[in-house]
Amino acid sequence: MEFEPLGDDFEENCARFLPEAVEQGCVWALEGEEGFALCESERRADTDVMPFWSQREFAEAHIADDWAGYQVVPVDLEEFMDDWLEGMHEDVLLVGINWNDEMEGEEIEPLDLLEQLEQELD
């Protein structure tokens, strides 16, 4: 699979997330000593976003600044769907999808993403 970096088209970045995650059977997150990488939502006050990527390289691009000490970790797709998204919904977190190197991209509701993943898997 040719490695194509993420661009400025958030919808396209988002559209790549589903098939790539399904193909690999996992998504990628950043984990540090304090837990997983979070940042404030640009869309919703007092809400945090937890970013995930569909390729290890996309996540690695964000190991800098606030997240300099973080590591890229795979999250099994089934576990992500069964446990993570449900838990993030309960914790009122949004999911960041395939953010580009400027830390820009879609922020979506965990249960919306769950629905999209289920459709992708059908």
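At position 75 of the sequence shown (counting the first as 1) the number is 84 in this note's numbering, and the numbers step up by one without a gap. The beta carbon of each residue, even a glycine, is placed where N, CA and C say it ideally should be.
* Could you give the DSSP three-state label for MET10: helix, strand or coil? => Caution is warranted here: a pLDDT of 46 is assigned to MET10, below 50, making its placement in the model unreliable, and no coordinate value can be reported.
* How would you label VAL101, buried or exposed, when you count the other beta carbons within 10 angstroms and need 16 or more for buried? -> Result: exposed.
* **Simplified DSSP state of GLU51, which is helix, strand or coil** => Here GLU51 sits in coil by DSSP.
* Closest to VAL104 by CA distance: which of VAL81, GLN33 and MET90 is it? -> Ranked by Cα distance from VAL104, the first of VAL81, GLN33 and MET90 is MET90.
* To do: Kindly indicate the opening and closing residues of the alpha helix (DSSP H) around VAL31.
  => Judged by DSSP secondary structure, VAL31 falls within the alpha helix (DSSP H) whose first and last residues are 19-33.
* **Residues bridged to PRO60 (per DSSP)** => PRO60 is bridged by DSSP to GLY105.
* Asked: Can you name the residues that DSSP bridges to ILE117?
  -> Per DSSP, VAL104.
* To do: Could you pull out every residue in the same chain whose Cβ sits closer than 6 Å to the Cβ of ASP4, ignoring the five residues on either side in sequence?
  => In the structure as shown, the chain begins at 10 and stops at 131. Residue 4 is therefore absent and cannot be evaluated.
* From what residue to what residue does the beta strand (DSSP E) around ASP85 run? -> Its beta strand (DSSP E) spans residues 80-85.
* Asked: Is the stretch 18-28 close to the stretch 72-81, with three or more CB pairs under 8 Å?
  -> These segments do not touch.
* Provide the residue span of the alpha helix (DSSP H) that contains GLU43, from first to last. => Where GLU43 is concerned, there is no enclosing alpha helix (DSSP H), given that its DSSP letter is neither H nor E.
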